[in-house]
Amino acid sequence: MNKYTVINPHSEFKVINTHVHNIDGAAKVTGRATYTFDVKLPNMLYGKILRSPHPHAKILNIDYSKALELPGVIGVVTGKDTLGVKQGIWRRYQDLCDEQVLTVEKVRYIGEAVAAVAAITEEIAEKALDLIDVDYEVLPAVFEPMEAIKKEAPEIHEGFERNINVTRHIEWGDVEEAFEEAEYIREDWFKCGGQAHMCMETRAAVSDYTPDGKLTIYHSNQSPYYMQGLMAGVLGMREGDIRVISTYVGGGFGGKFELDGAIFCSAVLSKKLHRPVKIVFTREEDFIASKRRTPMFYYVRTGVKKDGTFCAREAKVFTNGGAYTGMGATALYLTGFFHSFPYRWKGYRYDGYRVYTNTLPSTSMRGFGAPQAMFCSEQQIEWIAADLGLDPIEMRRKNSHYEGYEVPGQATIASCGIDQCYDEIKKWIASKGKLPANRSIGISACGFMSGGIFNWFDTPYSFSSAVITINQDGTVELHVGAQEIGQGSNTTMAIICAETLGVKVEDIKVHSGDTDHCPPDLGAWGSRQTLMAGNAVKMAAEDAKKQLLEFAYAQSGYNIVYDLDIKDRWVHAIARPERGYDYGELVKKALRGKDGQRIVGRGYYTPHRKGMISPAYSYMLQGVEVEVDEETGKIKLVDSFTAHDCGQPINHLGLIGQLEGAFSMAAGYGYLEYMPYEDGKLMNPNLVDYKMIRATEMPPANIAEIDTYEPEGPYGAKEAGEGLTNPTAAAIGNAIFHRFGVQMKENPIRPEMILNALREKAEQDKAAGKDKPGKKK
Amino acid sequence: MDKKLLRLTVNKQEYEVYINPKALLVEVIRDYIGLTGTKRGCDTVSCGACTVMINGMSVKSCSVLAMQAEGAQITTIEGLEQNGKLAPIQKAFIDHGAYQCGFCAPGMIMSAQALLNENPHPTEWEIREGIEGNICRCTGYNSIVRAIDATAEGKYREDRS
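Set out below in structure tokens:
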């Protein structure tokens, strides 16, 4: 049902890119894997959070005396039990630290946490919420960014004029001059929707504050180190006195690396009540009170020459930031940068405005601003090609990045396989032959980063670190801060470690997800771990291996110009691979030689001189075959194909899984996953009404992997699995455009939008005396 | 409400629990018996994370009261392996990378097993329909479909005594 092909494969590896099973498999298929959701500590209480029914209100008084009288209720906390610290993940910038997770004076969205109860059962805690009386002074509220920037709009945060939270400007070249050169200019407005992360494991935490002043937290997140740092800030504790354990995490997708109500309220309750407290969000809470992908209004003006050469682009973007900053500030930057991808623009200008509204805060989500950017860019480019009568694939190709290209002042492209992606997608389209009348194909290109180089968190540590300890039997303890959230990072790190050291994956035990035992690492976001943590692991394994080989040299008797190596646990001279001995033997010798000290290898990665965004960029091109029912406007994906350059693939099974999974989430963003708000209230906060891709809706996800070599990545690897969330919405839109000639400027593309567009087109055509629509262009 | 005594057979083991008669089967399995392999992902019988087998048929254990399951044979994810050996469907999930975060995997595997019990040689479409009630946010399902298909082909069958 799926075809996977590899273009330019490299095969010198023993472990990398072979059929290695995910190392957490036995735990995950047997129910042994213990998630935060499953943690139960002795004497543990259950917490529940009282949430604001108002989008914007002052809290005048909270009376929880009746709740305390309910048998089984142990305690209640409100903002007054906290230090009232305004926090944010951009902690280097004080004005962007704007969120008190348990609010003190004011609520700014429906669902914001107002109080939290701990009781001996979850049921009692839930009942107690009804017994808390909150007096609110309701304030005028505003829900859309284009309203919120008006002069007369209510002020959501003091001192932020016109509710503008953050602005971003990116510019290169002489934009006006480049537009002057253009022979054809097109401008469009787009509206990009939000999207729920919808992790299968809802936000969950168990906090245990003990009399020695230490706090242990089990928490479902993407970066235990960030949680440790942020919690220290809001509780006035030392980072080192807080331990965050996140062994198995039920999904993240960009939504789990900021403080959430579960971790904060459980910790405040535990500190006050001196008992462990567990808080698990219901699915409804997860929808209304976690965060979401950032909705955006996009204005795009693009100038090209008649032969399809791209000259200039200018974009203005207003994002619905919701009530707080969070990671939304980064999404505002990245959407503006990736909107230029994967093309060369002589002049490029982007102005982004993140606007506060009285809605659920928006933040990062898989793709990190780029899916919105590509929905607009890749459709407009298709329309330009149609306007000028040019081949949309060849027009893209002639303007694309290439190896060695410098995005002026922003980035240097050290590896780029997009040219071959165009070849592969053409082959796929040709292989489809003539399509049935109700089907059409749309394509979309994009690129993505391999980790961000920015340090708004202000970490004093290297971005990634790894420590390797070798046991006497040759087994390896690999300690990494890289966070496993299902994307397979534990397996990827084990593969890099095994390949480098020359042992088997079964020899590696990966320790991650525990701040007491693992070195700090920024965690799983922005597709950073394979490159950054992977480099740290490679360096640590090389360090350990060098120490081992010193002993091997000392007793080998070989001339020093010979190279020794270990591969598949076999220690040998490269020139004489048949004469060697077992790696376990070498480890024992090395131990004796070191007076019993174990071999410890250390590695780290901190980016330097890598431009403004990322050390490396992946490239991809996707085609989708779409069927639309003209009567109902219903979309069905029939087939898909992705040509993809992630440098050297490391984790073969993991890569396929990530590409297929990203595609399903991207397809959901394209036509299903819709978050309608009315007066600040989400109208579908449940899995009956919030539609997403299910097994019957998922088409084949054919993949051609274009292997390139990325010099900055470990063994040539770069991003995979996040970038592929970017192209699909536009590809679906382009398929609809080619079938009907209508332009879909809003996503998710819903049936009524298609029907309306067809109706309008029919009316226009009728007025112009043309044929009825429905014919392929 | 008065608690009631319930005798429940889970993974061939009989348990006696005193429960609120309104307790859902998933709550009893997780909170009273302590088998936390079975997950919960929603409150609306929509996600399938809590799927178990009752008399060999897949059932979302948040959709039935525990009292209704009295006398039935309940199988949870913990009951699939025998003598420490994985069931073919479990091996297939590992071999095909048919899970990522793993939170949906127990329910997904139970749905898959129940499907194969009922229809040992399903078509691809029958497989997709068989797991339609289970949401997986990570994989995009195709690896799961491949794993179930390979299991039906007999690829992972072997002696587990």
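Chains as they are written, first to last, in the numbering used here: chain A, 20 to 796; chain B, 40 to 200. By construction, the Cβ of each residue, glycine as well, lies at the ideal position given by its N, Cα and C atoms.
Quick check on DSSP: helix, strand or coil for residue i?
| i | result |
| --- | --- |
| B/Q152 | helix |
| A/A354 | For the sequence presented, residue 354 of chain A should be read as Thr rather than Ala. Helix. |
| A/W191 | strand |
| A/T488 | strand |
| A/W402 | helix |
| B/N181 | helix |
| A/P596 | strand |
| A/K795 | Legend: pLDDT at A/K795 = 42, less than 50; position of this residue unreliable, value from coordinates given subsequently. Coil. |
| A/R373 | strand |
| A/C465 | strand |
| A/V253 | helix |
| A/T747 | helix |
| A/L407 | helix |
| A/S483 | strand |
Pull up the distance between the alpha-carbon of residue i and that of residue j, whole angstroms please.
| i | j | result |
| --- | --- | --- |
| A/K453 | A/K417 | 27 Å |
| A/G883 | A/S383 | Shown here, chain A extends from 20 to 796; a query on residue 883 of chain A therefore has no answer. |
| A/M694 | A/K335 | 23 Å |
| A/A76 | A/E277 | 24 Å |
| B/A131 | A/G327 | 49 Å |
| B/V84 | A/Y728 | 47 Å |
| B/E53 | B/L63 | 18 Å |
| A/Q799 | A/G673 | Not covered by the structure: residue 799 of chain A. The range shown for chain A is 20 to 796. |
| A/E177 | A/D152 | 27 Å |
| A/V96 | A/V123 | 11 Å |
| A/Q783 | A/A686 | 30 Å |
| A/K794 | A/R758 | Reliability of the predicted coordinates at A/K794 is poor, the pLDDT of 42 falling under 50, and no value is obtained from them. |
| B/R79 | A/E220 | 8 Å |
| A/S84 | B/T178 | 47 Å |
| A/G10 | A/R262 | Coverage of chain A is limited to positions 20 through 796, which leaves residue 10 of chain A absent and any answer about it impossible. |
| A/E142 | A/A517 | 48 Å |
| B/D41 | B/V56 | 13 Å |
| A/D562 | A/A485 | 11 Å |
| A/T321 | A/S381 | 28 Å |
| A/K796 | A/E716 | Low confidence applies to A/K796: its pLDDT is 38, below 50, so where it sits in the model is not reliable, and the reading given next is rough at best. Their backbone Cα atoms lie some 27 Å apart in a straight line. |
| B/R196 | B/N156 | 14 Å |
| A/G212 | A/W447 | 30 Å |
| A/E195 | A/C330 | 10 Å |
| A/L5 | A/I444 | This structure does not reach residue 5 of chain A, given that chain A is present from 20 up to 796, and the question cannot be answered. |
By the 10 Å Cβ neighbour count, where 16 or more other Cβ atoms means buried, how is residue i classified, buried or exposed?
| i | result |
| --- | --- |
| A/S30 | exposed |
| A/Q106 | buried |
| B/R185 | buried |
| A/S450 | exposed |
| A/Y267 | buried |
| A/W364 | buried |
| B/G110 | exposed |
| A/L640 | buried |
| B/M96 | exposed |
| B/L44 | exposed |
| A/Q48 | Sequence inspection shows Val at residue 48 of chain A; the Gln mentioned does not correspond to that position. Buried: at least 16 other Cβ atoms inside 10 Å. |
| A/P792 | Legend: pLDDT at A/P792 = 47, less than 50; position of this residue unreliable, no value from coordinates given. |
| said: Does the stretch 539-559 of chain A come into contact with the stretch 575-584 of chain A, if we say contact requires no fewer than three beta-carbon pairs (one atom in each stretch) closer than 8 Å? | reply: no
| field | Residues, ordered as in the chain, of the stretch 707-741 of chain A that lie near chain B by beta-carbon distance below 8 Å | value | V707, M711, I712, R713, A714, T715, M717, P719, A720
| query | In chain order, what residues of the stretch 159-193 of chain B put their CB closer than 9 Å to some CB of chain A? | reply | E163, W164, I166, R167, E168, G169, I170, E171, G172, N173, I174, C175, R176, C177, T178, G179, Y180, N181, S182, I183, V184, R185, D188
| query | Taking contact to mean at least 3 C-beta pairs separated by less than 8 Å, is the stretch 586-598 of chain A in contact with the stretch 697-710 of chain A? | reply | No contact exists between the stretch 586-598 of chain A and the stretch 697-710 of chain A.
| request: Closer than 8 Å, Cβ to Cβ, to anything on chain B: give me those residues from the stretch 218-230 of chain A, in chain order. | output: C218, M219, E220, T221
| request: Please name the residues in the stretch 681-701 of chain A whose beta-carbon is closer than 9 Å to at least one beta-carbon of chain B, in chain order. | output: A681, F682, S683, M684, A686
| task | Answer yes if the stretch 444-464 of chain A comes into contact with the stretch 745-755 of chain A, meaning at least three C-beta pairs across the two stretches below 8 Å, and no otherwise. | result | yes
| Near-chain A residues of the stretch 69-85 of chain B (beta-carbon distance less than 9 Å), N- to C-terminal order | Here the close residues are R69, D70, G73, L74, T75, G76, T77, K78, R79, G80, C81, D82, T83, V84, S85.
| query | Which of the residues in the stretch 273-306 of chain A, read from start to end, lie with their CB under 8 Å from any CB of chain B? | reply | T301, R302, E303
| query | What residues in the stretch 26-56 of chain A bring their beta carbon closer than 9 Å to a beta carbon of chain B? | reply | H38, H40, N41, D43, G44, A45, A46, K47, V48, T49, G50, R51, A52, T53, Y54, F56
| query | Which residues, in chain order, does the stretch 128-155 of chain B contribute to contact with chain A at a C-beta distance below 7 Å? | reply | Per Cβ criterion, the list reads Q129, F132, I133, D134, G136, Y138, Q139, C140, G141, F142, C143, A144, P145, I148.
| said: For the structure I just gave you, are there three or more beta carbon pairs, one from the stretch 392-404 of chain A and one from the stretch 143-157 of chain A, closer than 8 Å? | reply: no
| Contact between the stretch 113-120 of chain A and the stretch 162-169 of chain A (3+ Cβ pairs under 8 Å) | no
| task | Please determine if the stretch 36-51 of chain A and the stretch 118-137 of chain A are in contact, where contact requires at least 3 C-beta pairs separated by less than 8 Å. | result | Too few Cβ pairs lie closer than 8 Å, so no.
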